[in-house]
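**Student:** Quick one: structure below, then a few questions.
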Amino acid sequence: MRAAPIEALAEGLRSGPRPVAVLAGAGVSQTAGMATGEDLLRMSAAERGEDPGADPVSWYIGAFGRFPNYFAILRCPDGDRLTLPRNAFEGTEPTPAHRALAVMAAQGLLGPFLTTNFDRLLEQALAEAGLTPRVAHDLVGLAGDPDLGEPMVVKLHGDYLDLRIRQTSSGLHTYRPVIDALLDRVLRGFDLLVCGWSASWDLPLGAALTRTAGERRT
371 MRAAPIEALA EGLRSGPRPV AVLAGAGVSQ TAGMATGEDL LRMSAAERGE DPGADPVSWY
431 IGAFGRFPNY FAILRCPDGD RLTLPRNAFE GTEPTPAHRA LAVMAAQGLL GPFLTTNFDR
491 LLEQALAEAG LTPRVAHDLV GLAGDPDLGE PMVVKLHGDY LDLRIRQTSS GLHTYRPVID
551 ALLDRVLRGF DLLVCGWSAS WDLPLGAALT RTAGERRT
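The following block contains the structure:
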C-alpha cells in the first residue's frame, strides 16, 4: 500500500475530531543509522558465533534464559547515571520522517510525542521547525500534571545520556506508575499516529494501548 503524501496526512489530521499525539518507535530513526533492539540482539548472537534466525528475541531467551535487557547489552557507567555510548547516537541527522512530523507539529497538527527511542533526532527536527519542546526523560520530568497542549517529547525509555528511568526490578516488563499515569492521560485524551513501532515486545506500552483502546482513533 502506497504511503499517503504528507499533504493528505496533514489534511486528515486537520479534519479529525480530536487532537493527535504521536508514538515514534525505532523505525523512525533506523534509516539514520540508529541500531534497533533487534540489531543489538543480532550483534549479541554474532559475538557468540550463533544465528538468531528470524526471531532474535526468542533466540536471546533460549540462550540466556531471560527476556533481553537492551540496556545491559550497551550501557556504561557515567557517575551515578547509566548511559549509552555517545558514538552510537551523535553525529547523525534527523530522517525525513522526523522532519515531516516536526513540520506538522509546527503547524499545530501534532503533539505530544511519545517515543521509545534514546536518540535526540526528534528533538533536533522539532528545533529545526522552530519549536522548543519540553523533553521529559526522567521521573522528575514526567511527574506532576504537564501541559499536554504545549510541545512535549516524552521519552518513555529514557535518553541515551540518562537511563535511570528504566532502573526497575522488572526491567522492560512494567513502567513506573508515574509513566503509566501520563500515558493514560495522553492515550485517553488524544488520537494516536503510530510511526515505526512494531508492538512486538514492548509489553508495558502495549498494555497501555490496550487498556485505552476504546477511547481513540489509532
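Last residue of the sequence shown: 588 in the working numbering, with the numbers rising by one and none dropped. For every residue, glycine included, the Cβ atom is placed at its ideal position computed from N, Cα and C.
1. Which ranges does the beta strand (DSSP E) cover as unbroken runs of at least 3 residues, wholly within the stretch 487 to 541, from first to last along the chain?
2. Let me know if residue 517 comes out buried or exposed under the rule of 16 or more other beta-carbons within 10 Å of its beta-carbon.
3. Return the CA-CA distance between residue 481 and residue 562, expressed in angstroms with no decimal places.
4. Leaving out the 5 sequence neighbours to the left and right, which residues in its chain are closer than 7 Å to residue 401 when beta-carbon positions are compared?
5. Helix, strand or coil, according to DSSP, for residue 394 in the structure here?
6. DSSP on residue 434, reduced to helix/strand/coil?
7. Tell me the rounded alpha-carbon separation between residue 490 and residue 529.
8. Out of curiosity, what's the CA-to-CA distance linking residue 420 and residue 436?
9. Using 8 Å as the cut-off, can you tell me whether the stretch 497 to 507 makes contact with the stretch 402 to 411, which would need three or more C-beta pairs spanning the two stretches below that distance?
10. Can you pull the DSSP bridge partners for residue 483?
**Tutor:** Reading off the structure:
1. 504 to 506 and 522 to 525
2. exposed
3. 9 Å
4. 465
5. strand
6. helix
7. 8 Å
8. 17 Å
9. no
10. 392 and 523
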